[in-house]
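**Q** Numbering (my numbering), first residue to last: 493 to 748. C-beta atoms are modelled at their ideal positions from N, C-alpha and C, and glycine is treated no differently.
Okay, structure coming up:
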């Protein structure tokens, strides 16, 4: 007989991790995640994970969902104190207790703010350091390298332009201190001053940019801190001067 956690688990944040320490496996109710979409969740646990898609189960009455859990040999369920399930969210914790042993994890707060995915999504868009605090780690996005303007290598500094794998929450526009495939980096998000097109591009602070950009076509960016707002530059010389200043500031930040 097994102990299971049930929920959305978008973010796999510190509150989720507290729940997962108490179970044998967990069930993700997938409803369109954007912090840790799909199997990204699996990076942050060694537990077995079952996926149920909300569109396929939202019509089930609570007792029908209970039957599914019984077939999975579940004995105990660990959930957050706001857990609801079944058609029109008509099943609650008191209903679960009729069929299983249930442990309820009370809301975890940081600075009097509840740790929830919707709160973290807002922080990602506005305050990446606070988002990381609530996640318990650096926020991460993944993608593949795509062809850029070609100006970086010729006129500025070499960058890798990224196309995202999944619909991640995108941090607000600006320049960030990051790690790209675990190398120190600067990452730009926003409309380029050179052509006005939106881009996500990263500059590796080492000579490993070629290796990173060709590494299985896979790019992973961790956001450490926000460095500055985007600016419009009249000349490439002005832009390059700012990028070199950013690199100097980044190196200082990593040394602190």
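#1: Tell me residue 497's beta-bridge partners as DSSP assigns them.
#2: Assuming residue 570 and residue 514 form a contact by the criterion Cβ under 8 Å, report the distance between their Cβ atoms to the nearest whole angstrom.
#3: I think residue 697 touches residue 739, with their Cβ atoms under 8 Å apart; what is that distance to the nearest whole Å?
#4: Just the C-alpha distance for residue 693 and residue 651, rounded to the nearest angstrom, thanks.
#5: Pull the bridge partners of residue 596 from the DSSP assignment, please.
#6: Do you know offhand how far residue 629's Cα is from residue 672's?
#7: Check whether the Cβ atoms of residue 518 and residue 511 lie closer than 9 Å to each other.
#8: Output yes or no for whether 9 Å exceeds the beta carbon distance between residue 532 and residue 525.
#9: Measuring only between beta-carbons, confirm whether residue 560 sits less than 9 Å from chain D.
#10: Report whether the distance from the Cβ of residue 504 to the nearest heavy atom of the ligand FAD is below 8 Å.
#11: Smallest Cα separation from residue 578: which of 539, 548 and 607?
#12: Shortest alpha-carbon distance to residue 530 belongs to which of 575, 544 and 538?
#13: Can you tell me whether residue 555 is helix, strand or coil according to DSSP?
#14: Which residue's Cα is closest to the Cα of residue 654: 667, 670, 534 and 636?
#15: According to DSSP, residue 667 sits in a beta bridge with which residue or residues?
#16: Below 9 Å between beta carbons: does that hold for residue 722 and residue 665?
#17: Is the segment 583–590 touching the segment 610–625, taking contact as three or more C-beta pairs under 8 Å?
**A** In short:
#1: Its beta-bridge partners are 518 and 570.
#2: Contact check for residue 570 and residue 514: beta-carbon distance about 5 Å, within the 8 Å limit, so the pair qualifies.
#3: Residue 697 to residue 739, Cβ: 6 Å. Contact.
#4: Between residue 693 and residue 651, the C-alpha separation is close to 6 Å.
#5: As DSSP reads the structure, residue 596 sits in a beta bridge with 571.
#6: About 15 Å.
#7: Their beta carbons are under 9 Å apart, which means residue 518 touches residue 511 by this criterion.
#8: For residue 532 and residue 525, yes; Cβs fall inside 9 Å.
#9: Considering every chain present, this structure includes no chain D. It has just one protein chain.
#10: This structure does not include the ligand FAD; it has no bound ligands of any sort.
#11: For the residues 539, 548 and 607, the minimum Cα distance to residue 578 belongs to 548.
#12: With respect to the C-alpha of residue 530, the residue from 575, 544 and 538 having the closest C-alpha is 544.
#13: Residue state, collapsed to three classes: helix.
#14: Nearest of 667, 670, 534 and 636 to residue 654, Cα basis: 636.
#15: Paired residues: 680 and 720.
#16: In contact: residue 722 and residue 665 (Cβ atoms closer than 9 Å).
#17: Too few Cβ pairs lie closer than 8 Å, so no.
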